[in-house]
Structure formats: structure tokens, C-alpha cells
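Student: Provided herewith is a single structure, encoded as C-alpha cells, for subsequent inquiry.
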Amino acid sequence: MRRWYGRVAALAGTLLLAIGLTAGVAAGATSGHHTGQLPDGAAWVADVPAAWNGTTILYSHGFGPLAAQNAPDDATRQALLDSGYALVGSSYSGPSWWALASAVGDQFGALAALDRLTGPPRRTLAWGTSMGGLVSALEAEAGGHRLDGVLSTCGLVAGGLNLNNYQLDGEYALAHLLAPGQHVKLVRFAGPDEASASAAALTKIATDAQATPAGQARIALAAALMNEPTWFTGPTPPAPADYAGQEVQQQQELAQFVLGFVVSGRYQIELAAGGNSAFTAGVDYRALLAGSSHARQVRALYRAAGLDLDADLTALTRDADIRPDPAAVRTLARTSTVTGRLRVPTLDIHTTDDQLVPVEQEDWYGKQVRRAGGGALLRQAYVGTTGHCAFRPAESIAALHALESRVETGHWSDVTEPRRLNEAADGLGGGGRYVRFDPPRLTGGLGEPGRWGFRA
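Below you can see the structure in the form of C-alpha cells.
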């Protein structure tokens with residue numbers, strides 16, 4: 000019996016060796032650049048290095064034209080390929096740039112297409128950027144055996160419903176307080192041109208209002224409602240009590256960048272949702288401001304301008320009348336909102352001062368994951384700088400290696416501590432800027448003070 004068992008074991012070992020050699024040959028034979036199309040029309044793109052290390056990275060791109068991407072930028076792509084990673088990603092199939100209804104399925108379709116070329120990888124890690132960070136967060140809940148871990152970078156992890164609502168709060172405040180006689184359409188855009196016209200109108204309002212202290216105070220209020228940070232340009236942020244300097248930074252980001260992007264982008268979300276999901280009716284704007292980390296700044300600027308803040312908040316609450324389309328709410332709840340029920344280890348990284356996807360989203364997401372019982376699988380880390388997705392390649396790859404450590408060892412240990420991430424980034428030649436940081440609460444998020452949900 001022992002002799003028979005030994006022969007079977009030897010034969011099995013030979014077969015496993017042959018399978019391993021075949022997989023290696025296949026990987027070498029299929030190295031290079033690959034493209035294809037999924038049944039729903041989404042394109043996919045992959046790159047496989049000749050010396051594949053057995054790990055595939057499934058990359059999810061951010062909001063924008065539906066073009067297949069497999070890395071956040073060229074420098075990061077090359078660094079990953081040089082280290083032996085295979086990269087794959089899809090374009091998503093739409094119907095709009097807010098492609099959440101198809102993105103997760105398209106991403107797994109792209110992964111399966113690459114697996115047919117290379118054979119099964121030793122490990123698969125998802126990596127998403129911005130809107131793609133939300134895609135990868137959803138993959139962490141749906142991936143099961145297809146994924147081993149997820150890295151979300153500058154991710155829109157609080158989801159589409161929260162995004163639409165807090166952005167609308169700030170846009171409504173700008174229009175209602177600074178241009179009460181001017182009708183600025185804020186939701187239900189008939190087309191991209193109408194959305195762009197509203198973006199231009201709000202940008203002009205925020206630009207013109209900067210000329211007076213009263214305008215500056217109201218800009219700060221709108222920025223607080225939109226969770227806008229107080230650092231946009233320059234090597235360091237304004238001092239904690241430099242409220243006027245902070246408002247200058249917020250006004251610049253709203254007028255030069257944010258409003259033009261997010262108001263135009265709302266049309267794409269409405270197109271995907273089939274209507275407007277956001278509301279102001281029933282919102283208590285006094286409570287919203289009270290829960291904001293920028294409340295002290297807003298109160299100080301209102302005092303300096305001689306304005307009655309309570310009167311403005313009362314007017315905003317009293318006159319709010321935008322109601323959502325229930326079907327659009329249901330669509331975004333189904334396609335674009337996380338449950339927090341993680342199935343694989345997940346690491347989120349975010350800049351501390353992100354103008355487009357505020358870092359407050361990480362606070363909301365962390366709470367959601369902990370409520371769902373997934374806290375042990377999640378870690379969040381922060382890079383102390385300004386800008387949306389403004390990571391150095393070494394900082395992102397250091398986070399990837401920390402996630403790999405968790406996958407390999409089964410525990411996080413201290414690999415996501417700022418010191419360890421900075422050491423890893425420094426070792427990659429990039430200079431890490433990770434800091435210890437506790438993100439503020441998301442102002443205007445569903446379930447947060449002042450916005451408990453829509454009341455019909």
C-alpha cells in the first residue's frame with residue numbers, strides 16, 4: 000500500500016510540475032499587449048510582462064470617457080510591469096460616463112478574458128481610482144473567489160447618492176444666497192449643454208462674489224456644505240485659524256475646478272440613473288452646518304462680514320424644494336452604493352485635501368464597513384497633500400505591497416501605519432508623505448445630522 004501510494008504521489012508531483020511548466024510557457028507566450036471586446040460592447044486592455052510574477056491587477060478607471068485603461072498613469076503602469084505584474088482593465092459599457100451599472104461585470108469579464116490567455120493567476124488584486132475606487136469597493140463585496148484583495152485610491156466610496164446630495168447642497172446655497180434673482184437650473188438637465196450652462200453660471204457667481212466680505216462668507220458656507228477642503232494650491236495649507244486664507248483656497252477650487260466638473264458631471268449621473276436622485280426639500284441646513292468641520296470658519300467669516308448666518312440658514316431650509324425621482328434613487332442605491340459587507344481585505348488611501356472626492360467620504364465608508372461587520376478587513380491610510388488622486392507612484396505601490404502583505408500573512412500587523420508606508424515608498428525611490436489622520440464627518444451624507452433621508 001505504501002509503495003502504491005508513493006507511486007501515485009510521485010505521479011501527482013510530476014503532473015503538477017508539468018502543469019506549472021505549461022502555465023509558465025503560456026504566460027511567456029502570451030506576454031505583451033492584448034485587447035478585446037466583451038459581449039456587451041465594453042473594450043478591455045491587458046499587458047503581461049515576460050517575467051510575470053503570477054499576480055494580476057484588475058484596474059478600474061475613474062469618471063470620464065469610456066476608454067479601456069489598466070493603470071492610473073503611465074509611470075505607475077511601467078513600474079508595475081517592471082515588477083512583474085500583469086495588468087487588465089475594461090472601458091465599461093455605459094450607458095454614460097457614470098457606468099456603475101455595468102462596471103463590476105465588465106471588469107470581471109475583462110479579468111476572465113485575460114485568464115483565458117494566461118491561465119489562472121496565483122493572485123488577483125483589484126485597484127480603482129476615483130469613481131473606479133467605488134467600482135473596486137463594490138468588487139470587494141462581489142468578488143468572492145475571483146479576488147484576493149482590493150486597493151481603493153482616492154475612491155468615491157460614499158457612493159452616488161451621497162455625492163449627488165452634498166454637492167447639490169453647496170450648489171443650491173451658491174445660487175439661492177448669491178444670485179436669488181437668477182434662475183440656475185440645478186437638476187434634471189435635458190442635455191450636456193444645459194448642464195454646462197449651469198456650471199458656467201455657478202462658476203461666475205462664485206467668481207463675482209469673491210469681491211465682497213459678504214460674498215466670501217457665503218462662498219465659505221457653500222464650500223462647507225460641499226465638504227470642500229481649505230487647501231488647494233501652495234506648498235502648505237493655510238494656518239488653522241486663517242479663515243480668510245482658507246476661504247480664498249476654497250473659492251479658487253470651486254471657481255477654477257470643482258463647479259465646472261461636478262455640475263456638468265451631474266448630467267452623466269442623471270443619464271445613468273434615469274432621473275434626479277438628489278433633494279433639498281426637508282433638509283435642515285442649520286444642522287448640516289453644525290455637523291461640518293468648517294463650521295467655525297463659516298461663523299467667523301459671517302461675523303466679519305456683519306451677516307446674519309442664522310437668517311441665511313433659515314432661508315435655505317425654508318425655500319428648499321428640490322425633490323428626487325424615486326426610480327433614480329432606487330437605481331443609484333442598487334448600482335452605486337456600497338453595503339460595507341467586505342469579502343476580501345481592502346485598503347483605502349486618500350489625500351487629506353481632495354477637492355473632487357473629499358476625504359470625508361472615507362469617514363462615511365469606514366462607518367458603513369464597521370456596521371456591516373467588516374472592520375477587520377478594512378484599513379485606511381492618508382497622504383498629507385492637496386489634490387485629487389495626487390499620489391506619487393511609489394506611494395500607491397507601497398500601499399499595494401501593504402495589501403499583498405495582508406493577503407499573504409492573513410493579518411495587517413502595522414503595514415498600513417504611516418511610518419511603514421513611508422519607508423516602503425522611500426525604498427521605491429518616491430518619498431512617502433503618509434500621515435496619521437482622522438477624516439472629518441461627511442456633511443450632508445444620508446443618515447448624517449440634517450439629512451436623515453427624503454421626506455415626501
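First residue of the sequence shown? That's 0 in numbering that gives the first Met the number 0, and the numbers climb one at a time after it. Using N, Cα and C, we set each Cβ at its ideal position, and we do this for glycine too.
Going straight from the alpha carbon of THR211 to that of LEU300, what length do you get?
Tutor: Those two C-alpha atoms are separated by around 11 angstroms.
Student: Going along the chain, which residues of its own chain have a beta-carbon closer than 6 angstroms to the beta-carbon of SER95, five neighbours each way excluded?
Tutor: GLN267, LEU270, ALA271.
Student: Anyone know if the C-beta pair for VAL282 and LEU220 falls short of 8 angstroms?
Tutor: Not in contact: VAL282 and LEU220 (Cβ atoms no closer than 8 angstroms).
Student: Mark ASP207 as exposed unless 16 or more other C-beta atoms lie within 10 angstroms of its C-beta, in which case mark it buried.
Tutor: Classification of ASP207: exposed, given that the 10 Å Cβ count is below 16.
Student: Entirely within the region 79-137 and at least 3 residues each: give me those beta strand (DSSP E) ranges in chain order.
Tutor: Listed in chain order, the complete beta strand (DSSP E) runs (minimum 3 residues) inside the region 79-137 are 85-89, 122-128.
Student: Check whether the Cβ atoms of ALA42 and ALA67 lie closer than 8 angstroms to each other.
Tutor: Yes, the pair counts as a contact, with Cβ atoms nearer than the cut-off.
Student: Can the beta-carbon of ALA85 be found less than 8 angstroms from the beta-carbon of VAL44?
Tutor: Taking 8 angstroms as the Cβ cut-off, ALA85 and VAL44 do not qualify as a contacting pair.
Student: Along the chain, where does the alpha helix (DSSP H) containing ARG298 start, and where does it finish?
Tutor: Taken as a continuous stretch (DSSP letters only), the alpha helix (DSSP H) holding ARG298 covers 294-304.
Student: Over the uninterrupted alpha helix (DSSP H) stretch that includes GLY499, give me the two end residues.
Tutor: What the structure shows of the chain is the stretch from 0 to 455, and residue 499 is not part of that stretch, so it cannot be assessed.
Student: What residue from GLU359, LEU65, PRO392 has the CA that sits closest to GLN379's CA?
Tutor: Closest option to GLN379, Cα to Cα, is GLU359.
Student: Tell me the residue span of the beta strand (DSSP E) that contains ARG378.
Tutor: Its beta strand (DSSP E) spans residues 377-385.
Student: Which one of ALA136, LEU79, LEU99, GLY142 has the shortest CA to CA distance from LEU110?
Tutor: Residue GLY142 is the option with its Cα nearest to LEU110.
Student: Which residue from GLY305, THR232, LEU288 puts its Cα closest to that of GLY214?
Tutor: For the residues GLY305, THR232, LEU288, the minimum Cα distance to GLY214 belongs to GLY305.
Student: According to DSSP, is GLN456 part of a helix, a strand, or is it coil?
Tutor: The first residue shown for the chain is 0 and the last is 455, placing residue 456 beyond what the model contains.
Student: Using 10 angstroms around the beta-carbon of ALA26, count the other beta-carbons present and answer buried if the total reaches 16, otherwise exposed.
Tutor: The pLDDT assigned to ALA26 is 39, lower than 50, so where the model puts this residue is not dependable; a value taken from the coordinates is nonetheless given after this. When all chains shown are included, ALA26 counts as buried.
Student: Whole-angstrom Cβ separation of ALA456 and HIS400, contact assumed at under 8 angstroms?
Tutor: Residue coverage of the chain in this structure runs from 0 to 455, which leaves residue 456 outside it and unanswerable.
Student: Please go through the region 276-354 and give each complete alpha helix (DSSP H) segment of 4 or more residues, from N-terminal end onward.
Tutor: Taking only runs of at least 4 residues, the alpha helix (DSSP H) segments lying wholly in the region 276-354 are 284-289, 294-304, 308-318, 325-334.
Student: Assuming GLY127 and THR152 make a contact with CB atoms under 8 angstroms, what is their CB distance in whole Å?
Tutor: The Cβ separation is near 7 angstroms, so the contact holds.
Student: Ordered along the chain, which non-local residues of its own chain (more than five positions away) have a Cβ less than 6 angstroms from that of ASN164?
Tutor: Contacts found: ALA277, GLY443.
Student: Between which residues of its own chain and THR21 is the CB-CB distance below 6 angstroms, once the five residues before and five after are set aside?
Tutor: Interpretation of THR21 is limited by its pLDDT of 31, a score under 50 that renders its predicted location unreliable; the figure taken from the coordinates is listed afterwards. Hits under 6 angstroms: none found.
Student: Going by DSSP in three states, GLN36 sits in which element: helix, strand or coil?
Tutor: It is a strand residue.
Student: Cα separation between ALA327 and ARG333?
Tutor: Answer to the nearest angstrom: the Cα atoms are 10 angstroms apart.
Student: Drop a sphere of 10 angstroms on the beta-carbon of ARG391, count the other beta-carbons inside from all chains shown, and report buried for 16 or more, exposed for fewer.
Tutor: Buried is the call here.
Student: Tell me which same chain residues have a C-beta within less than 6 angstroms of the C-beta of GLN36, skipping the five on either side of it?
Tutor: Here the set comprises ALA42.
Student: Taking 6 angstroms as the limit between beta carbons, can you name the residues of its chain near MET130, skipping five residues before and five after?
Tutor: If we look at MET130 and ignore the five residues flanking it on each side, its Cβ neighbours are GLY61, PHE62, LEU155.
Student: Assign ARG432 to one of two classes, buried (16 or more other C-beta atoms within 10 Å of its C-beta) or exposed (fewer than that).
Tutor: Burial call: buried.
Student: Run through DSSP, which three-state label would ASP73 get?
Tutor: In this structure, ASP73 counts as helix in the three-state DSSP scheme.
Student: How is the beta strand (DSSP E) around THR202 delimited, first residue to last?
Tutor: First-last for THR202: 191-208, but that is the alpha helix (DSSP H), not the beta strand (DSSP E).
Student: What is the rounded straight-line gap between the Cα of LEU150 and the Cα of GLN181?
Tutor: Approximately 44 angstroms, taken between the alpha carbons.
Student: If we call anything under 8 angstroms between Cβ atoms a contact, is ARG265 one with GLU140?
Tutor: No, they are not a contact pair.
Student: Within 10 angstroms of the Cβ of GLU412, are there 16 or more other Cβ atoms? Answer buried if so, exposed if not.
Tutor: Note that residue 412 is Ser in the sequence shown, not Glu. Burial call: exposed.
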